[in-house]
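First residue of the sequence shown: 73, per the working numbering; consecutive thereafter.
Glycine residues also receive a C-beta, built at the ideal position from the N, C-alpha and C atoms.
Please read these numbers as outputs of a predicted model, since none were measured by experiment.
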Amino acid sequence: MKKIYLTLLLCILISGCRSTIPIERDSSTGYFPTIRDHNIAKQEDVELDRYKKLVLVPDMFIKEMLLNVNYFENVITYEELELFVMDQGLSNKIPSPHEMIGLINLYNHYGPFLIMSREGGLLDGYLHVGLTLMDVKQEEILFRSLKRSPDVRGDIDYQWAPVFNAFIDYAESYSASYSRMDSLQVEEGVDVD
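As structure tokens, this is what we get:
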């Protein structure tokens, strides 16, 4: 339980950091453009589609990047959580959605969902950025991607694009319904059937 509280605290703290502008994916590759390779530090073999209905994110940058990935049905920030609960007609079952018990009640009444958090900071002169995807109820990290670079500018192509590309690979590997190229066509309004 401590891990969850620490992860949520980290999400809130990092979401206050300098915001960046989301970028679009390359239509020829399905990835975000970058000169850096991406890596996956942890990936659990799960049926990812069971979580597809909702992902909770710390800020608008992560939300916009995930909307560009075009995998989850609903991508909401912590700020939008209370309104989302009301829109789903769950206010009487989840009176305090921002607390851990509220998140678990949301999981029980709405269905399985994930929390994506961002990581970042300087360590030994290197900028570290990353994404973590967690199942709230199971208290399990399903996916984690980290990127280390001596470039401390925090540019998206150097830092964030590689970790989101790692998530795209994870989604393609563990989702029966996701294809990065098909998701581009759906995003652009092209019927893929």
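DSSP state of residue i mapped onto helix, strand, coil
| i | result |
| --- | --- |
| residue 161 | coil |
| residue 102 | coil |
| residue 190 | strand |
| residue 231 | coil |
| residue 216 | strand |
| residue 135 | helix |
| residue 141 | helix |
| residue 257 | helix |
| residue 250 | coil |
| residue 200 | strand |
| residue 46 | Nothing about residue 46 can be read from this structure; the chain reaches only from 73 to 265. |
| residue 117 | coil |
Nearest residue (CA-CA) to residue i, options the options
| i | options | result |
| --- | --- | --- |
| residue 187 | 123, 181 and 240 | 123 |
| residue 96 | 236, 175 and 150 | 236 |
| residue 129 | 120, 119, 121 and 146 | 146 |
| residue 149 | 179, 127, 102 and 247 | 127 |
| residue 125 | 184, 177 and 241 | 184 |
| residue 195 | 174, 104, 221 and 98 | 221 |
| residue 257 | 247, 107, 105 and 142 | 142 |
| residue 172 | 199, 211 and 232 | 211 |
Same chain only: Cβ atoms within 7 Å of residue i, ignoring 5 sequence neighbours per side
| i | result |
| --- | --- |
| residue 94 | 133, 136, 137 and 140 |
| residue 100 | none |
| residue 160 | 182 |
| residue 209 | 176 and 179 |
| residue 242 | 112, 115 and 215 |
Own chain, CB closer than 8 Å to residue i, minus 5 neighbours either side, in chain order
| i | result |
| --- | --- |
| residue 202 | 113, 190, 191, 192, 216, 217, 218, 219 and 235 |
| residue 163 | 157 |
| residue 154 | 169 and 170 |
Alpha carbon of residue i to alpha carbon of residue j, nearest angstrom
| i | j | result |
| --- | --- | --- |
| residue 26 | residue 131 | Since the displayed the chain opens at 73 and closes at 265, residue 26 lies outside it and no answer follows. |
| residue 166 | residue 250 | 31 Å |
| residue 245 | residue 121 | 11 Å |
Close Cβ partners of residue i (< 6 Å) along its chain, the five nearest in sequence each way excluded
| i | result |
| --- | --- |
| residue 88 | With a pLDDT of only 44 at residue 88, under the threshold of 50, the placement of this residue in the model should not be trusted; the figure read from the coordinates follows. Nothing listed; no residue qualifies. |
| residue 110 | 234, 237 and 238 |
| residue 205 | 186, 188, 214 and 215 |
- Task: Decide yes or no for the touch test of the region 113-120 against the region 198-216: beta carbon pairs closer than 8 Å, at least 3 of them.
- Result: yes
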